[in-house]
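Going by full-length UniProt numbering, the first residue of the sequence shown is number 1, and it counts up by one from there. Idealized CB from N, CA, C, for every residue including glycine. If you're wondering where the values come from, they're calculated on a predicted model, not measured in any experiment.
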Amino acid sequence: MPSLHFDCLKSKYNIVFYHKHAPNTLRYHSLVVHTVDEPKAKANRPGYALGGFAHEVRLENNGINDRVVDQFNAAGSIDALLQPHRPPARSFLASTIHDLFQNFLGLVYAIVSSILGIIARTLNAVCNTPIFRSWNAKTSYHILLKDVSATIQQIDIRAEQAGFLVSEASSLKKRGTIPTSVYSMHYTNFFNNVWLILNDITIGYAFGSFLCDNHVVLANFLSTAVDYILIDWIQWVLRWLDSWPAGLKLNTELSRFYSHTFVDLVAMWGSVLHRGFTILPVIIYVIGILSSFGGVIGGMTMSISLFSDLLSLSTVHIYVCYVIANTVYGRVLVTAGSLWNLFRGKRYNVLRKRTDSWEYETDQLLFGTILFTLLAFLFPTVLAYYSLFALMRLATILIQASLETQLAFMNHFPLFAIMLRAKDPRRLPGGIYFVFKPSTKEDPIPIIENQAVPFSSIFFQYIQLWSRLATHYNPLRLLKCVFAGEFLAPIPRYEMRYSKTRFSPLE
């Protein structure tokens, strides 16, 4: 016989009271905190309190386990079944109309869910279409269509949410066949997604109206800012570097080559942007229309995605110049490493992937000395131009990361769960604890209460996201990448999405 002993109670046998929740309240008891990714993960059992003092509970033979808690949760349903229930008296006409209406609603739901499911699967298939595939067996990878555009990524997310709503709606129809705890999680996930989509559309409507009303003013402001910051200012900095700034004497010929090449690239892309400035008011107006009247696909997230793609298009010249400067800088570092091994009498063994001792001839050492002298005189110039475009690339990545973070916030914020946590914490239990109510008898009465789920469990996806962002955009890591010549890339978009958008069913 399983037993439960309290150190604060003297009696050997005790009656434990609990709340018998009605099934329609969606309240239930739980020993663990259920999360999205680990619904069956065991959580630490919370403490048991008597007033302001903590008391340890010794469990023998699992005195309170999941089976006992399931019996607590099923007590309300069993009590409801045992109560006499008489359906309200209806006339034959009223019953017929009610049945026809129910059948009509079922037919409409079946048609809408089928169409929505087909559209969602089609959009997911299109967004996940590979546009580039590597044929190298050692580094097999492929680039999907959604990886090159934030807008397509957002369409894929919204299609995934639509498919999720269809599947969750099917689960909600099985109210009488699944436990209250599982049904409550499906219910919370379903309406959390509904609230997110409705809030996205509401905020997007207000923002889209602002864009439509001020599209000409915003277009003039953006065209002026882009022309000054991304075109004129970059050209001025390049010419400034070519004129020995702050006494920094760069190699004249190499600096002039760098400056003229990059100035021409910036001017070339600037001419493309100047042609796009003429249709910028129309683009902003279209973004406002999609944000206001885009329906389920539109909303504030669509506006942010479109602006992120516009930023990517506006900074193509910075990306190209950075790739060129990074390639040259990387080759210089590799050459410097090879010369360092040469002067130490070392050589890299490709087969064994290690550095071995090696004897070099005199002409090889002389040639290495000449290359090292040439490299030493050219390196400051290469470093100056590489640092310029590395900083520009880093600034662009940080702006895009902030936009991606806003998208993740709006697409996955647990709004409905927070509302339930404040309104009715018993619907989101994070464990149980005992409250001992004073009694006229010698021992107090133990009562089982639900402990509200902690906010760390509600926001655990954001904690994981913040951990990934902090790791990827760590200043020390970025500084190491800059000096080591490693390519600066933003965090992949799929890493800023939830690994799951729904609770896994409990067994």
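- Burial state of Pro-245 is exposed, judged by a 10 Å Cβ sphere holding fewer than 16 other Cβ atoms.
- When rounded, the separation of the alpha-carbon atoms in Ala-390 and Val-482 is 7 Å.
- In the displayed model, Gly-431 falls within a strand according to three-state DSSP.
- Across the set Glu-486, Gln-154, Asp-356 and Phe-101, the C-alpha of Gln-154 shows the shortest separation from the C-alpha of Asn-411.
- Separation of the CB atoms of Ile-445 and Phe-434 is rounded to 10 Å, and the pair is thereby denied contact status at 8 Å.
- Contact check between the region 204-212 and the region 284-300: three or more CB pairs, one atom from each, fall below 8 Å, which counts as touching.
- At the C-beta level, Val-166 and Ser-113 come within 8 Å of one another.
- Secondary structure at Pro-446: strand, using DSSP grouped into helix, strand and coil.
- The shortest CA-to-CA distance from Pro-414 to any of Arg-477, Ile-197 and Leu-469 is the one to Ile-197.
- Measuring C-alpha to C-alpha distances from Tyr-494 to each of Asp-156, Tyr-18, Ala-75 and Ile-304 identifies Asp-156 as the nearest.
- Assignment of beta-bridge partners to Tyr-360 by DSSP yields no partner.
- A direct Cα-Cα distance of roughly 46 Å separates Ala-336 from Phe-221.
- Straight across, the Cα-Cα distance linking Ile-97 with Glu-404 is about 50 Å.
- Looking at Leu-81, Pro-23, Phe-487 and Met-496, the one whose alpha-carbon comes closest to that of Cys-321 is Phe-487.
- Less than 8 Å divides the Cβ of Phe-377 from the Cβ of Asn-251.
- Assignment of Gln-83 by DSSP, reduced to helix, strand and coil, places it in the coil class.
- The C-alpha of Asn-341 lies about 11 Å from the C-alpha of Leu-365.
- Within the region 314-368, the runs of alpha helix (DSSP H) at least 4 residues long that lie entirely inside it are, in chain order, 316-344.
- Here Leu-339 has Gly-368, Leu-371, Phe-372 and Leu-375 as same chain residues with Cβ atoms under 8 Å from its own Cβ, once five neighbours each way along the sequence are excluded.
- Three or more pairs of CB atoms, one per stretch, sit closer than 8 Å, so the region 226-240 contacts the region 260-270.
- Taking a C-beta distance under 8 Å as the contact criterion, Ser-184 and Tyr-28 qualify as a contact pair.
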